[in-house]
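In what follows, a single structure is set out as structure tokens and then discussed.
Numbering (this note's numbering), first residue to last: 4 to 230.
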């Protein structure tokens, strides 16, 4: 099985990241739509969204995304996006407020094996922020660049007195990213579909699928129950 998280071989300027963040402070930070998933304050602003609006913070696969007007002001964020030589979907700033918590959950079809990879670049964080993926703490530092498999159980707790703010990019896997991930030790031929989920993870996935009823999700639930 591939790593649940991995630091990419690139560092970004903390000073430039924080200066660009300051350009976004007067824009609309929208509370996360899944209110049952967190306690406290979890907000976001979009650099790329489906509608092209900064307050459209939804992230769904296989739809068209547009740059927002905010991105036009953020040249360094654009430079970071261009470093990833692949198609980008949602690109957002995610702010988890002081003494706030994102509860343990799974995000469906968000692993590299699914043809997708979500990148986190911490802009403001500290040692009192606890980010866990697959029960393992991910020690993200400011300016670093991390991939994590959010198909696995993950959670975040900000026990500090300051917000934790990350730049996140939803990227589509391609030949360029396959080369990058191979260099990081990934088996790009590994299929997560072969993985047998624990009962706990399986139930989490079923719960997530059940929140969005459809014929496809009904079949996925049936397949999981058979395993």
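Heads up, the beta-carbon is just placed ideally off N, CA and C, and yes, glycines get one too.
According to DSSP, what are the bridge partners of residue 93?
For the purposes of this step, residue 93 is identified with residue 90 of the chain shown, where counting begins at 1. Paired residue(s): none; residue 93 is not in a bridge.
Quick check on DSSP: helix, strand or coil for residue 184?
As a working mapping, residue 184 is identified with position 181 in the chain shown. Three-state DSSP puts residue 184 in a helix.
So, with DSSP's three-state summary, where would you put residue 23?
Within the chain shown, the letter at position 20 stands for residue 23. DSSP places residue 23 in helix when its eight states are reduced to three.
Cβ-based burial, residue 52 [other Cβ within 10 Å; buried from 16]:
The residue you call residue 52 lines up with position 49 of the chain shown. Per the 10 Å Cβ criterion, buried.
Three-state class that DSSP yields for residue 69 in the structure shown
Your numbering for residue 69 matches position 66 in the chain shown. DSSP places residue 69 in strand when its eight states are reduced to three.
What do you get for residue 88, buried or exposed, if any count of 16 or more other CB atoms within 10 angstroms of its CB means buried?
Reading the chain shown from its first residue, position 85 is the one you call residue 88. With fewer than 16 other Cβ atoms within 10 Å, it is exposed.
Where does residue 32 land, buried or exposed, given buried means 16+ other C-beta within 10 angstroms?
Stepping through the chain shown from its first residue, residue 32 is reached at position 29. Classification for residue 32: buried.
I'd like to know if the segment 134–152 and the segment 7–26 are in contact, where contact means that at least 3 CB-CB pairs between them fall below 8 Å.
yes
Should residue 78 go down as buried or exposed, given a rule of 16 or more other Cβ atoms within 10 Å for buried?
For the purposes of this step, residue 78 is taken as residue 75 along the chain shown, with counting starting at 1. Of the residues assessed, residue 78 falls on the exposed side of the cut-off, its CB having fewer than 16 other CB atoms within 10 angstroms.
Specify the secondary structure class of residue 173 as computed by DSSP and reduced to three states.
Here residue 173 is taken as the residue at index 170 of the chain shown, counted from 1. Residue 173 falls in the strand class under three-state DSSP.
Determine contact between the segment 166–177 and the segment 122–133, defined as no fewer than three beta-carbon pairs at a distance below 8 Å.
yes
Excluding the 5 residues preceding and the 5 following residue 228 in the sequence, name in chain order all residues of the same chain whose CB lies nearer than 7 Å to its CB.
Taking the first residue of the chain shown as 1, we reach residue 228 at position 225. The answer is none, since no qualifying residue turns up.
Quick one: Cα of residue 83 to Cα of residue 208, how far?
By 1-based counting over the chain shown, the position of residue 83 is 80. By 1-based counting over the chain shown, the position of residue 208 is 205. Distance between the alpha carbons of residue 83 and residue 208 is about 32 Å.
Nonlocal neighbours in the same chain, by C-beta distance under 8 Å from residue 197, ignoring five residues either side:
Along the chain shown, read from residue 1 onward, the residue named residue 197 stands at position 194. Summary for residue 197: the model assigns pLDDT 46, below 50, so the residue's position carries little reliability, and this model does not support an answer.
Residue 206: buried (16+ other C-beta within 10 angstroms of its C-beta) or exposed?
One-based indexing of the chain shown puts residue 206 at position 203. Exposed, since its Cβ has fewer than 16 Cβ neighbours within 10 Å.
Any idea what DSSP makes of residue 132, helix, strand or coil?
One-based indexing of the chain shown puts residue 132 at position 129. Residue 132: strand per DSSP, three-state reduction.
Expressed to the nearest angstrom, what Euclidean distance is found between the alpha-carbon atoms of residue 74 and residue 24?
For the purposes of this step, residue 74 is identified with residue 71 of the chain shown, where counting begins at 1. For the purposes of this step, residue 24 is identified with residue 21 of the chain shown, where counting begins at 1. Cα-Cα distance, rounded: 11 Å.
Straight-line CA distance for residue 103 to residue 58?
Locating residue 103 in the chain shown gives position 100, counting from the first residue. Locating residue 58 in the chain shown gives position 55, counting from the first residue. Roughly 21 Å separates the two Cα atoms.
Is residue 179 near residue 105, with beta carbons less than 8 Å apart?
Walking along the chain shown from the start, residue 179 turns up at place 176. Walking along the chain shown from the start, residue 105 turns up at place 102. In this structure, residue 179 keeps its C-beta atom at 8 Å or more from the C-beta atom of residue 105.
Within 10 Å of its beta-carbon, does residue 182 have 16 or more other beta-carbons around it, so buried, or fewer, so exposed?
Reading the chain shown from its first residue, position 179 is the one you call residue 182. Looking at its Cβ environment, which holds fewer than 16 other Cβ atoms inside 10 Å, residue 182 is exposed.
Distance, Cα to Cα, residue 189 vs residue 71?
Looking up residue 189 in the chain shown gives position 186. Looking up residue 71 in the chain shown gives position 68. C-alpha of residue 189 to C-alpha of residue 71: approximately 33 Å in a straight line.
Candidates 28, 130, 91 and 114: closest to residue 157 by CA position
Here residue 157 refers to the residue found at position 154 when the chain shown is read from its first residue. Minimum Cα-Cα distance from residue 157 among the listed residues 28, 130, 91 and 114 corresponds to 114.
For residue 224, which residues of its own chain have a beta-carbon under 6 Å away from its beta-carbon, when the five flanking residues on both sides are left out?
Reading the chain shown from its first residue, position 221 is the one you call residue 224. Closer than 6 Å at Cβ, skipping near neighbours: 209 and 212.
Out of 191, 101, 112 and 120, state which residue places its alpha-carbon closest to the alpha-carbon of residue 164.
In the chain shown, residue 164 corresponds to position 161, counting from 1. Of the candidates 191, 101, 112 and 120, the one whose C-alpha sits nearest the C-alpha of residue 164 is 101.
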